[in-house]
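Enquirer: Shown below is the structure under consideration.
There are 2 protein chains.
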Amino acid sequence: MHTVFYVSDGTAITAEVFGHAVLSQFPMTFEQVTIPFVGDVEKAQLVKAQIDSCFTQSGKRPLVFHTIVDTQLRNIITNSEAKCYDFLNTFVAPIEQQLGIKADPQVHRTHGMDNKKHYDTRIDAVNYALENDDGVTTKAYNEADIILVGVSRCGKTPTSLYLALQFGIRVANYPFIDQDMQQMSLPTALKTNRHKLFGLTIDAQRLQEIRQRRMADSQYSAAAQCRYELNQVEKLFRQEAIPFIDTTFHSVEEISVKILERAGIRRRIY
Amino acid sequence: MHTVFYVSDGTAITAEVFGHAVLSQFPMTFEQVTIPFVGDVEKAQLVKAQIDSCFTQSGKRPLVFHTIVDTQLRNIITNSEAKCYDFLNTFVAPIEQQLGIKADPQVHRTHGMDNKKHYDTRIDAVNYALENDDGVTTKAYNEADIILVGVSRCGKTPTSLYLALQFGIRVANYPFIDQDMQQMSLPTALKTNRHKLFGLTIDAQRLQEIRQRRMADSQYSAAAQCRYELNQVEKLFRQEAIPFIDTTFHSVEEISVKILERAGIRRRIY
Numbered sequence: 009m010h011t012v013f014y015v016s017d018g019t020a021i022t023a024e025v026f027g028h029a030v031l032s033q034f035p036m037t038f039e040q041v042t043i044p045f046v047g048d049v050e051k052a053q054l055v056k057a058q059i060d061s062c063f064t065q066s067g068k069r070p071l072v073f074h075t076i077v078d079t080q081l082r083n084i085i086t087n088s089e090a091k092c093y094d095f096l097n098t099f100v101a102p103i104e105q106q107l108g109i110k111a112d113p114q115v116h117r118t119h120g121m122d123n124k125k126h127y128d129t130r131i132d133a134v135n136y137a138l139e140n141d142d143g144v145t146t147k148a149y150n151e152a153d154i155i156l157v158g159v160s161r162c163g164k165t166p167t168s169l170y171l172a173l174q175f176g177i178r179v180a181n182y183p184f185i186d187q188d189m190q191q192m193s194l195p196t197a198l199k200t201n202r203h204k205l206f207g208l209t210i211d212a213q214r215l216q217e218i219r220q221r222r223m224a225d226s227q228y229s230a231a232a233q234c235r236y237e238l239n240q241v242e243k244l245f246r247q248e249a250i251p252f253i254d255t256t257f258h259s260v261e262e263i264s265v266k267i268l269e270r271a272g273i274r275r276r277i278y
Numbered sequence: 009m010h011t012v013f014y015v016s017d018g019t020a021i022t023a024e025v026f027g028h029a030v031l032s033q034f035p036m037t038f039e040q041v042t043i044p045f046v047g048d049v050e051k052a053q054l055v056k057a058q059i060d061s062c063f064t065q066s067g068k069r070p071l072v073f074h075t076i077v078d079t080q081l082r083n084i085i086t087n088s089e090a091k092c093y094d095f096l097n098t099f100v101a102p103i104e105q106q107l108g109i110k111a112d113p114q115v116h117r118t119h120g121m122d123n124k125k126h127y128d129t130r131i132d133a134v135n136y137a138l139e140n141d142d143g144v145t146t147k148a149y150n151e152a153d154i155i156l157v158g159v160s161r162c163g164k165t166p167t168s169l170y171l172a173l174q175f176g177i178r179v180a181n182y183p184f185i186d187q188d189m190q191q192m193s194l195p196t197a198l199k200t201n202r203h204k205l206f207g208l209t210i211d212a213q214r215l216q217e218i219r220q221r222r223m224a225d226s227q228y229s230a231a232a233q234c235r236y237e238l239n240q241v242e243k244l245f246r247q248e249a250i251p252f253i254d255t256t257f258h259s260v261e262e263i264s265v266k267i268l269e270r271a272g273i274r275r276r277i278y
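Chains as they are written, first to last, in the numbering used here: chain A, 9 to 278; chain B, 9 to 278.
Structural data, given as structure tokens:
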């Protein structure tokens, strides 16, 4: 198996995302090694030795995706036996020309702490999601950007947290309970914020699997109960004209981006 | 101001991360527009029109970072007036040559739902973090990969959630309370899992700011209280040989990656 190294003087998250996206185009699997915070010559030389030793032992030339700002450290890595790909610098020169401005690289700019405002936006959103998770309170719905609604275990909480952490969006979530579904009407707190509502639904069999892992062989995880709740909730979405998406075949990222797109909301942080 | 478009037939998250990393090298700000799920000719033509109209109105040639698998759709975008950067395809050809294998591009592979196992790992980790947040219970610490410890509001919860969502790591967190700090000893549940402990600390003034925003002019947010707690907790970390890092000048990403690195834990999901 080919080994891929993600090497950076920062978190290496950019190198990972980039390398992973490129390699996902190839129908094969790779051994992936991430090496963050390569900040001095000594560490860079150790990394080079690790890469070279990987080549010697496997006989296969490793791939290295790197984002290293310091030229001296970068040269140590690129002098290894690996095939190195530097996606930042590949694009910096043409963009410099296009913009008519010189790049001014700094370590840690991408996933570092740009400023306190950015940090506060993000942490406030996470706190908001936690405090307004699972319908525990509906008092702060006036502060929500989005209120996710749906049956228990259809993906509301992970989506709320992802939107908060990655995009700085304030998301509350409310699970429909039996009473809501029997009455087929929205609780008052939801009615007064109906422009913020976004529904999630899921395939009944998948829901049952998820609930089984949570509470095996219960009323809660019975196939009939899952079908009943989903049936009612989708009726309610249609009746109340709540936009909704099916989470069954989508990742948390896809669901989050679809919600932002359909709700017309832009991310607050990058 | 120059406008940058992130355009994709998927979530556009890869295009955003890539473009944002490249542009962070430049000492200027950009108007950023993300356009995900460009999945058909009609939508691609609308996006092209939007890009062209941006050029006409601003007089500045927009930049486009795109990751579009379908050649026809991609050509529509690259025929716009923008300067387009295609980082996937720039690297795919040289890597094909290096690996001696043809790429087999598919939409949604990067941030799509690769498989149920990946999804379950992630959601289990998120549930674990929520159920073991803030010391509410210590019964499941045997299942933790890491247990974050520190004073209230030093960054434990956002870090736990980030590690769960992005890396699939199971993280519990425990806030030291007055009693722990007065006795200067670890509760039993922590003692029996001490190899999993990781400490967070923070600058006293920054902690006070954060607590003020939470509960203004209280004992909890008093400068002396913050200094006392941090002083004690750092002593405790040293006394118990718990590795710890200062979160003051670090992003959640940096803290998370540093913890994985120092704890020698590898991410479970990409």
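Virtual Cβ for every residue (Gly too), placed ideally from N, Cα, C.
Let me know the beta strand (DSSP E) ranges lying completely inside the segment 21 to 70 of chain A, each 3 residues or longer, listed in chain order.
Expert: Entirely contained in the segment 21 to 70 of chain A, the beta strand (DSSP E) runs reaching 3 residues are, in chain order, 39 to 43.
Enquirer: Roughly how many whole angstroms lie between the Cα atoms of cysteine 162 of chain A and aspartate 142 of chain B?
Expert: Distance between the alpha carbons of cysteine 162 of chain A and aspartate 142 of chain B: 25 Å.
Enquirer: Does DSSP put tyrosine 14 of chain A in a helix, a strand or coil?
Expert: Note: tyrosine 14 of chain A maps to strand in three-state DSSP.
Enquirer: I believe leucine 238 of chain B touches valine 159 of chain B by the beta-carbon criterion, under 8 Å. Please report the beta-carbon distance rounded to the nearest angstrom.
Expert: Rounded, the Cβ-Cβ distance is 6 Å, consistent with contact.
Enquirer: Check distances from the C-beta atoms of the segment 30 to 62 of chain B to those of chain A and list, in chain order, the residues that come in under 9 Å.
Expert: Listed by position along the chain: Val30, Leu31, Ser32, Gln33, Phe34, Pro35, Met36, Gln40, Val41, Thr42, Ile43, Pro44, Phe45.
Enquirer: Start and end of the beta strand (DSSP E) containing asparagine 181 of chain A?
Expert: Looking at the DSSP string, the run of the beta strand (DSSP E) that includes asparagine 181 of chain A is 179 to 183.
Enquirer: With a threshold of 9 Å between beta-carbons, can threonine 157 of chain A be considered close to chain B, or not?
Expert: For the record, residue 157 of chain A in the displayed sequence is valine; it is not threonine. Valine 157 of chain A does not count as touching chain B.
Enquirer: What is the DSSP secondary structure of isoleucine 109 of chain A, counted as helix, strand or coil?
Expert: Coil, per DSSP.
Enquirer: Here's a check: name, in chain order, each residue in its chain whose Cβ is nearer than 7 Å to the Cβ of glycine 27 of chain A, leaving out the five neighbours to either side.
Expert: Around glycine 27 of chain A: Val12, Tyr14, Phe73.
Enquirer: Show which residues of chain A have a CB atom less than 8 Å away from the CB atom of glutamine 106 of chain B.
Expert: By Cβ distance, chain A contributes Arg69, Leu71, Lys91.
Enquirer: Going by CA-CA distance only, name the one from B:Ser32, B:Thr19, B:Ala232 that's closest to alanine 29 of chain A.
Expert: Per the Cα distances, B:Thr19.
Enquirer: Are the CB atoms of alanine 111 of chain B and phenylalanine 38 of chain A within a distance shorter than 9 Å?
Expert: No, the Cβ-Cβ distance between phenylalanine 38 of chain A and alanine 111 of chain B is not below 9 Å.
Enquirer: Let's test the definition: count the other Cβ atoms within 10 Å of the Cβ of threonine 64 of chain A and tell me whether it reaches 16, buried, or not, exposed.
Expert: Flag for threonine 64 of chain A reads exposed.
Enquirer: Give me, in chain order, the residues of the same chain whose beta-carbon lies closer than 8 Å to that of asparagine 150 of chain A; leave out the 5 immediate sequence neighbours on both sides.
Expert: For asparagine 150 of chain A, where only same-chain residues beyond five positions count, the Cβ hits under 8 Å are Asn201.
Enquirer: Per DSSP, valine 157 of chain A forms a beta bridge with which residues?
Expert: Looking at the DSSP assignment, valine 157 of chain A forms a beta bridge with A:Tyr182, A:Gly207.
Enquirer: Isoleucine 263 of chain A lies in the alpha helix (DSSP H); which residues open and close that run?
Expert: It spans 260 to 271 - the alpha helix (DSSP H) in which isoleucine 263 of chain A sits, taken as one unbroken run.
Enquirer: Valine 25 of chain B CB to nearest chain A CB: under 9 Å?
Expert: Yes, its Cβ sits closer than 9 Å to a Cβ of chain A.
Enquirer: What does the alpha-carbon distance come out to for the pair aspartate 211 of chain B and isoleucine 267 of chain B?
Expert: Answer to the nearest angstrom: the Cα atoms are 18 Å apart.
Enquirer: Let me make sure I understand the geometry here. Which of A:Ile131, A:Ile85, A:Phe252, A:Leu31 has the alpha-carbon closest to that of arginine 219 of chain B?
Expert: Per the Cα distances, A:Ile131.
Enquirer: Since proline 166 of chain A and valine 134 of chain B are thought to touch, with beta carbons under 8 Å apart, how far apart are those beta carbons, to the nearest angstrom?
Expert: Correct: roughly 5 Å between the Cβ atoms.
Enquirer: Looking at chain B, is there any beta carbon in it that lies within less than 9 Å of the beta carbon of valine 260 of chain A?
Expert: Yes - at least one Cβ of chain B is within 9 Å of the one on valine 260 of chain A.
Enquirer: Any Cβ of chain B within less than 9 Å of the Cβ of isoleucine 103 of chain A?
Expert: With 9 Å as the cut-off, isoleucine 103 of chain A counts as an interface residue toward chain B.
Enquirer: Whole-angstrom Cβ separation of tyrosine 284 of chain A and alanine 172 of chain A, contact assumed at under 8 Å?
Expert: Here chain A has residues from 9 to 278 only, and residue 284 of chain A is not among them.
Enquirer: Tell me whether phenylalanine 252 of chain B sits in a helix, a strand or coil according to DSSP, three-state version.
Expert: Reduced to three states, the DSSP call for phenylalanine 252 of chain B is strand.
Enquirer: So if DSSP puts cysteine 234 of chain B in a beta bridge, which residue, or which two residues, is it bridged to?
Expert: DSSP output for cysteine 234 of chain B lists no bridge partner at all.
Enquirer: Going by CA-CA distance only, name the one from A:Lys124, A:Pro195, A:Thr256 that's closest to aspartate 186 of chain A.
Expert: Checked all of A:Lys124, A:Pro195, A:Thr256; the closest Cα to aspartate 186 of chain A is A:Pro195.
Enquirer: Beta carbon of alanine 180 of chain B, beta carbon of threonine 209 of chain B: below 9 Å?
Expert: Cβ atoms of alanine 180 of chain B and threonine 209 of chain B: not closer than 9 Å.
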